[in-house]
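So the protein lines, in turn, are chains A and B. Sequence positions in the first sequence follow the numbering used here and run 1 to 230. Sequence positions in the second sequence follow the numbering used here and run 231 to 460. Below is one structure, written out as structure tokens, with a few remarks after it.
Number of protein chains: 2
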Amino acid sequence: MNASESKNKAVVLMSGGLDSATCLAIARDQGFDCYTLSFDYGQRHKSELHAAAKLALGMQASDHKIIRIDMSGIGGSALTDMDIAVPEVESDGVPITYVPARNTIFLSYALGWAEVLQASSIFIGVNALDYSGYPDCRPDFIEAFQKMAKLATKAGTEGQEIGIETPLIHLSKAEIIQQGMALGVDYSQTISCYQADLEGKACGRCDSCRLRIKGFFDAKVSDPTIYQQS
Amino acid sequence: MNASESKNKAVVLMSGGLDSATCLAIARDQGFDCYTLSFDYGQRHKSELHAAAKLALGMQASDHKIIRIDMSGIGGSALTDMDIAVPEVESDGVPITYVPARNTIFLSYALGWAEVLQASSIFIGVNALDYSGYPDCRPDFIEAFQKMAKLATKAGTEGQEIGIETPLIHLSKAEIIQQGMALGVDYSQTISCYQADLEGKACGRCDSCRLRIKGFFDAKVSDPTIYQQS
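Right, here's the structure in full:
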């Protein structure tokens, strides 16, 4: 038996952003054999997919899958509908960048893969503090998904429950960055921007950029992001 | 305002089989404006997709979407892995035709589309009586999904809960057929077989065929299915 066979397996959802990279570092640090999962869902910020693959490779994931899913057919979000602009000022309530049922769909896939891999855990870098107000990032949602997942799977009904791990859920963006720095995450490789260009340069103005900029500032860590104007 | 604008909308999951066709007929009969959703998930029985589209058209769905999703990459089932044979004898426990997290993934998509359409309901033809023992067909699972869905969506958090409707869940296959016949469902257009050929002819031996054959027999309805040997 080699080293990876003796470890518990985890599926780690990887957007290629700051949070998911930190989440992968935490899963690795906890001793998991990590299988990373990204989605090409018609998002306008495709460069995050390259970032995710590069990060997974650099952080020694055992496998990295990119699943192509058609969410543009469903519509209703600035991230998947090119006719809706990404807002550059803060909005009240759930913003137009919310993608209906996105985390539910992502976690459902992760659940299927985790069951096939006989993984014990799924890691997702959701955060309910410095976040955009999306309903599917909150602890209540994760808890309800966990209960549903137990009933949904053959594994769950046979007592091998797959745990949904959210190590960042109660951390501020600055705390996430500090934890990632301590684990050696190279944040220059991560892309958070909702409208990053093809080279991965960030706009510096969207909600996700604003949260990230403030995070580096509050963490007193030099921001390695390359912005489109710089 | 035309007739369809005054009706409540429902997303109806359509496999193209006997159950989903009956489910669509019931949703229509209850007065819903129906939006049907099928998945091309790498299943070996692709002819069911043609059946689904034809049934949706014939039963006047307002829109029919076929979403292509990659589940063969996840593997682990005789329905998506061509190296695993479809069993032709009854098995104990959850059979190898179980596709990990399939209904969770299907319902998650339906949830996303329902939210965009501002639909009040999702119809799914799961059945916990004459079924293959899949965990994601049971009432407990549906109830847990419903709770999760409320927390997952913007609609749910704003008090517009999307209901998961399972009109067939406690019916026998014979009762489903009787109900469908009363609503005018043309079962000759439906395909249930896990290994139907390209023309839609059924094998008559897989689990799904066996349940269907018994259903027509018990319902005392002439079986309109075309079998490969006939």
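The C-beta atom is built at its ideal place from N, Cα and C for all residues, glycine as well.
TODO: Taking C-beta pairs closer than 8 Å, name the residues in chain B that residue 39(A) reaches, listed in chain order.
DONE: Working through the first sequence from its first residue, we reach residue 39(A) at position 39. Chain B residues near residue 39(A): none, gap ~10 Å exceeds 8 Å.
TODO: Compare the C-beta of residue 289(B) with all C-beta atoms of chain A and state if any pair is closer than 8 Å.
DONE: Within the second sequence, residue 289(B) is the residue found at index 59, counting from 1. Not one chain A Cβ lies under 8 Å of residue 289(B).
Task: Buried or exposed (CB count within 10 angstroms, at least 16 for buried), residue 1(A) - done: By one-based count along the first sequence, residue 1(A) stands at place 1. With a pLDDT of 45 at residue 1(A), under the threshold of 50, the predicted position of this residue should be treated as unreliable, though the coordinate-derived value follows. A residue is called buried once 16 or more other Cβ atoms fall within 10 Å of its Cβ, and residue 1(A), having fewer, is exposed.
Open item on the list: Taking the alpha carbon of residue 264(B) as the reference point, which residue from 456(B), 353(B), 358(B), 427(B) has its own alpha carbon closest?
Closed with: Taking the second sequence and counting its residues from 1, the one referred to as residue 264(B) is at position 34. Closest option to residue 264(B), Cα to Cα, is 353(B).
Open item on the list: Using only the alpha-carbon positions, how far apart do residue 48(A) and residue 201(A) sit?
Closed with: Reading the first sequence from its first residue, position 48 is the one you call residue 48(A). Reading the first sequence from its first residue, position 201 is the one you call residue 201(A). Taking the straight line joining both Cα atoms gives about 10 Å.
- [ ] Could you check the C-alpha separation between residue 52(A) and residue 21(A) for me, to the nearest Å?
- [x] The residue you call residue 52(A) lines up with position 52 of the first sequence. The residue you call residue 21(A) lines up with position 21 of the first sequence. Taking the straight line from one Cα to the other gives about 8 Å.
Task: residue 401(B) to residue 121(A) span [Cα, whole Å] - done: The count along the second sequence starts at 1 and reaches residue 401(B) at position 171. The count along the first sequence starts at 1 and reaches residue 121(A) at position 121. So the two alpha carbons sit approximately 36 Å from each other.
- [ ] Go ahead and pull the three-state DSSP assignment for residue 239(B).
- [x] The residue you call residue 239(B) lines up with position 9 of the second sequence. In the structure shown, residue 239(B) sits in a strand (DSSP, three-state: E or B).
Task: Beta-carbon proximity check, residue 144(A) vs residue 115(A), cutoff 8 Å - done: For the purposes of this step, residue 144(A) is identified with residue 144 of the first sequence, where counting begins at 1. For the purposes of this step, residue 115(A) is identified with residue 115 of the first sequence, where counting begins at 1. Their beta carbons are not under 8 Å apart, which means residue 144(A) does not touch residue 115(A) by this criterion.
TODO: Using a Cβ-Cβ cut-off of 8 Å, state whether residue 231(B) counts as contacting chain A.
DONE: Your numbering for residue 231(B) matches position 1 in the second sequence. Bear in mind that the predicted position of residue 231(B) carries a pLDDT of just 45, short of 50, making it unreliable; the figure below should be weighed with that in mind. Answer no: the Cβ-Cβ gap between residue 231(B) and chain A never drops below 8 Å.
Task: Coil, strand or helix - residue 68(A) by DSSP - done: Position 68 of the first sequence holds residue 68(A). In this structure, residue 68(A) counts as strand in the three-state DSSP scheme.
Open item on the list: Against chain A, does residue 320(B) count as a neighbour if the rule is that its beta carbon must be under 8 Å from one of theirs?
Closed with: Here residue 320(B) refers to the residue found at position 90 of the second sequence. For residue 320(B), the answer is no, since every Cβ of chain A falls outside 8 Å of its Cβ.
Open item on the list: Against residue 259(B), what residues of chain A qualify as contacts under a CB-to-CB distance less than 8 Å, listed in chain order?
Closed with: Here residue 259(B) is taken as the residue at index 29 of the second sequence, counted from 1. For a Cβ distance threshold of 8 Å, nothing in chain A lies close to residue 259(B): the least Cβ distance comes to about 27 Å.
Open item on the list: What does DSSP give as the partner residue(s) for residue 269(B) in the beta ladder?
Closed with: Taking the second sequence and counting its residues from 1, the one referred to as residue 269(B) is at position 39. According to DSSP, residue 269(B) bridges with 297(B).
Task: Nearest neighbour of residue 14(A), chosen from 28(A), 30(A), 39(A) [CA to CA] - done: Position 14 of the first sequence, counted from the first residue, corresponds to residue 14(A). That would be 39(A), whose Cα lies nearest to the Cα of residue 14(A).
Open item on the list: Considering only their Cβ atoms, is the gap separating residue 347(B) from residue 239(B) smaller than 8 Å?
Closed with: The sequence position of residue 239(B) within the second sequence is 9, counting from 1. The sequence position of residue 347(B) within the second sequence is 117, counting from 1. It is a contact, given that the beta carbons lie within the stated cut-off.
Open item on the list: Please report whether the beta-carbon of residue 104(A) lies at a distance below 8 Å from any beta-carbon of chain B.
Closed with: Residue numbering aside, residue 104(A) sits at position 104 when the first sequence is read from its first letter. With 8 Å as the cut-off, residue 104(A) counts as an interface residue toward chain B.
TODO: Flag this pair as yes or no: are the beta carbons of residue 231(A) and residue 300(B) separated by less than 8 Å?
DONE: There is simply no residue 231(A) to check, as chain A begins at 1 and stops at 230 in what is shown.
TODO: In angstroms with no decimal places, state the Cα-to-Cα distance between residue 46(A) and residue 407(B).
DONE: Counting from 1 along the first sequence, the entry for residue 46(A) is found at position 46. Counting from 1 along the second sequence, the entry for residue 407(B) is found at position 177. For residue 46(A) and residue 407(B), the distance between alpha carbons rounds to 47 Å.
Open item on the list: Between which residues of its own chain and residue 454(B) is the CB-CB distance below 7 Å, once the five residues before and five after are set aside?
Closed with: For the purposes of this step, residue 454(B) is taken as the residue at position 224 of the second sequence. So the qualifying residues of the chain are 417, 418.
Task: Residue environment, residue 437(B), which counts as buried when at least 16 other CB atoms sit within 10 Å - done: Position 207 of the second sequence, counted from the first residue, corresponds to residue 437(B). Classification for residue 437(B): buried.
Task: Three-way DSSP call (helix, strand, coil) for residue 56(A) in this model - done: Against the first sequence, residue 56(A) aligns to sequence position 56. DSSP places residue 56(A) in helix when its eight states are reduced to three.
Open item on the list: Quick check on residue 360(B): buried or exposed, where buried means 16 or more other Cβ atoms within 10 Å of its Cβ?
Closed with: One-based indexing of the second sequence puts residue 360(B) at position 130. Buried is the call here.
Task: Cβ-based burial, residue 452(B) [other Cβ within 10 Å; buried from 16] - done: Start at 1 with the first residue of the second sequence, and residue 452(B) comes out as number 222. Flag for residue 452(B) reads exposed.
Task: Whole-angstrom distance between residue 77(A) and residue 99(A), CA atom to CA atom - done: Stepping through the first sequence from its first residue, residue 99(A) is reached at position 99. Stepping through the first sequence from its first residue, residue 77(A) is reached at position 77. So the two alpha carbons sit approximately 5 Å from each other.
TODO: Report yes if the C-beta distance between residue 422(B) and residue 248(B) is below 8 Å; otherwise report no.
DONE: Counted from its first residue, the second sequence places residue 422(B) at position 192. Counted from its first residue, the second sequence places residue 248(B) at position 18. Cβ distance < 8 Å, so residue 422(B) and residue 248(B) count as in contact.
Task: Nonlocal neighbours in the same chain, by C-beta distance under 7 Å from residue 396(B), ignoring five residues either side - done: The sequence position of residue 396(B) within the second sequence is 166, counting from 1. Result list for residue 396(B): 354, 356, 372, in chain order.
TODO: Going by DSSP, name the residue or residues bridged to residue 121(A).
DONE: On the first sequence, residue 121(A) is found 121 positions in, with the first residue counted as 1. Note: residue 121(A) sits in a beta bridge opposite 10(A), 163(A).
Task: Chain-ordered chain B contacts of residue 136(A) [CB-CB under 7 Å] - done: If you number the first sequence from 1, residue 136(A) lands on position 136. Per Cβ cutoff of 7 Å: 382.
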